[in-house]
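For reference, the structure discussed in these notes is given below.
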Amino acid sequence: MQHEWEPKNQMRFKGINEQLRAGLRKGIIGIGIVMFAGVVGYRLIEGWNWSDCFYMTIITVSTVGFGEVHELSGLGRILTTLLIFFGVGLMAYCLTRLVEFLFQRSLTNVLGRRTMMKRIAQMKQHTIICGYGRTGSRVVAELQAANKPFVVVEQNEEITRRLGEQNIPYIAGDATEEETLDAANICEADSLVATLDSDAENLFLTLTASGLCSTLRIIARVHDPENTRKFQKAGATRVVSPIASGANQIAQLITRPSVVDLVELVTRDKSIAMQVFEYPVDEESDILGKTLAEARVRQTLGGMVIAIKHPAGQTAFDPGPDTRLQLGDILVAIRQPENGE
C-alpha cells in the first residue's frame, strides 16, 4: 500500500536506480563474455591448459601488469590486445555505473527522508505509535486499513530501515525523549500509543507525553495488570493489558460465545454489512443542545445510536429519544456501510 506522503521525486529516483541497476548488470554480463572468450581463445590459439588460459585472461583484463604465462603467437597477441581494449572499457563502464548507483541511492534516501519529515511536521489529528513490535505493527496495519494518518517512533536501526523500505512514516529516536516526540508533532496529534518493550519505558513515555500535551489521548500497553493504576495516574487515557484482555476474552468465549462472535463480526469483519462509528458533539455540531428525537440522528448520521459517552466518563447505553445532547458527548452508533464512508 503506497502512502500519500511518499514524494513524487522519490518515485522518479527509483526509476533512475532501476536503470542504473540494469546498466550495471549489462556491464557484468559483458565482462563475463569477455572472460569466456579470452579463456576459450587462448585454448584454441595457443593450446595452453585451462588454468593457464584462465590466469592469462585474468591478468590481461585486469591490466595488473604481470608477464606473459607463455610465449604468445601473432594471433595470441591480437587476442590479448582485444581483451585489454574490451576489458578495460567494460571495467570502467561498470565502475562508473556502480558509483552512479551508490550516489543516486544515497541522494534518494536523503531527499525522501527530508520530504517525509516535512510531511510529519504538517500532520494534524494523527496517531503516534511508539514501538514497532508485534503490537505496534498490528496497530499500524489497522490504521493503514482505516486510512488514518500516523507516524511510528522507533530507535532500532534495522526496524527503521524496514519502515523506510515499506514507505511507512517514522521518526528514528528514543520515544521517551521530548525532542523525539516534538519531531513527531505531538502537539498536533490526536492520540499516542505506547507499546515499548517494558512497563517502565511505557510509564515514562506516558508521563513525558502527558506533560507535553495534556489533551492528548494516550493508550498504553501494560504487561503487568497491577501497574494499571500507575499508568492512569501518569496520564494514560486507556490502559490495555494483553494478559487481562486475553483472559477475559477466553472467559467470554466460554460463558457467552454468541455475544463474542457478534461483537467480533461487527467490529472486525470487513465483509459484514454493518459499521460501528463515533460522532463527537462539538461546538459546531448542528445537534448540540437537541434531544435525540429533535436531532433526527438516524436521518442525520445514517445510523442508530446505541450509546452516548459523556465528558465525565460515564456511558449511557440505549439512550431514549428525550436524551439531550451536550457539548463533549460522543455518540456511538451502527449503520450500513452504504450510508457512510
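Residue numbers for the sequence shown, in numbering that gives the first Met the number 0: 0 to 340.
Every residue gets a Cβ at the ideal spot worked out from N, C-alpha and C, and that includes glycine.
In this text, all values refer to a predicted model and were calculated from it rather than measured experimentally.
If you draw a straight line from the C-alpha of Leu330 to the C-alpha of His125, how long is it?
Using only the alpha carbons, I get a separation of about 21 Å.
How far does the alpha helix (DSSP H) with Ala250 in it reach, from first residue to last?
Ala250 -> alpha helix (DSSP H) spans Pro241 to Thr254.
For Thr56, count the other beta carbons within 10 Å of its own beta carbon; 16 or more makes it buried, fewer makes it exposed. Which is it?
Looking at its Cβ environment, which holds 16 or more other Cβ atoms inside 10 Å, Thr56 is buried.
State yes or no: is the C-beta of Leu195 within less than 7 Å of the C-beta of Ile217?
No, Cβ-Cβ distance for Leu195 and Ile217 is not below 7 Å.
Gly66 to Leu74, Cα distance in whole Å?
So the two alpha carbons sit approximately 17 Å from each other.
On a CA-only basis, which of Ile119, Val150 and Gly319 is nearest Glu293? Give me that one, please.
With distances taken between Cα atoms, Glu293 lies closest to Gly319.
In whole angstroms, what separates the C-alpha of Leu180 from that of Tyr92?
Cα to Cα, the separation comes out at about 46 Å.
Following the continuous alpha helix (DSSP H) through Met55, name the residue where it begins and the one where it ends.
Looking at the DSSP string, the run of the alpha helix (DSSP H) that includes Met55 is Trp49 to Val60.
How many Å lie between Thr62 and Ala21 at the Cα?
For Thr62 and Ala21, the distance between alpha carbons rounds to 26 Å.
Going by the DSSP bridge assignment, what does Gln274 pair with across the sheet?
In the DSSP output, where bridge partners are listed per residue, Gln274 has Arg334.
Quick check on this structure: which residue in Arg228, Arg160, Leu23 and Asp198 has the alpha carbon closest to the alpha carbon of Val98?
The residue with the shortest Cα to Cα distance from Val98 is Leu23.
Do the region 236-252 and the region 146-165 make contact, defined as three or more Cβ pairs closer than 8 Å?
Too few Cβ pairs lie closer than 8 Å, so no.
How many angstroms separate the CA atom of Thr214 from the CA atom of Ala188?
When rounded, the distance between both Cα atoms is 10 Å.
In the structure shown, what three-state DSSP assignment does Ala140 receive?
In this structure, Ala140 counts as helix in the three-state DSSP scheme.
One question on the structure: do Gly86 and Val68 come within less than 7 Å of each other, judged by their Cβ atoms?
No. Outside cutoff.
In whole angstroms, what is the alpha-carbon distance linking Gly301 and Gln335?
If I take the Cα positions, the gap works out to 8 Å.
For Ile170, which of Asp198, Ile30 and Ile128 has the nearest alpha-carbon?
Closest by alpha carbon: Ile128.
Are there any heavy atoms of the ligand FMN lying less than 6 Å away from the beta-carbon of Phe84, as far as the coordinates show?
With respect to small molecules bound, the structure shown includes none, and the ligand FMN cannot be examined in it.
For Met122, count neighbouring Cβ atoms within 10 angstroms of its own Cβ and tell me buried if that reaches 16, exposed if not.
Met122 comes out buried.
For Phe149, count the other beta carbons within 10 Å of its own beta carbon; 16 or more makes it buried, fewer makes it exposed. Which is it?
So Phe149 counts as buried.
Which same chain residues, not among the five before or five after Ala120, have their C-beta less than 7 Å away from its C-beta?
Closer than 7 Å at Cβ, skipping near neighbours: Asn184.
Once DSSP output is grouped into helix, strand and coil, what is the label at Ile170?
DSSP places Ile170 in strand when its eight states are reduced to three.
DSSP three-state label for Gly210, please.
Reduced to three states, the DSSP call for Gly210 is helix.
With H, G and I counted as helix, E and B as strand and the rest as coil, what does DSSP make of Ser72?
Coil.
From Arg161, Thr290 and Ser209, pick the residue whose C-alpha is nearest to that of Gly342; which is it?
Residue 342 is absent from the structure shown; the chain starts at 0 and stops at 340.
Candidates Leu142, Leu287, Tyr41 and Gly288: which alpha carbon is nearest Thr80's?
Among Leu142, Leu287, Tyr41 and Gly288, the Cα nearest to that of Thr80 is on Tyr41.
Buried or exposed for Gly130, please, with buried defined as at least 16 other CB atoms from any protein chain shown within 10 angstroms of its CB.
Label assigned to Gly130: buried.
Rounded to the nearest angstrom, what separates Phe276 and Ala140 at their Cα positions?
C-alpha separation (whole angstroms): 19 Å.
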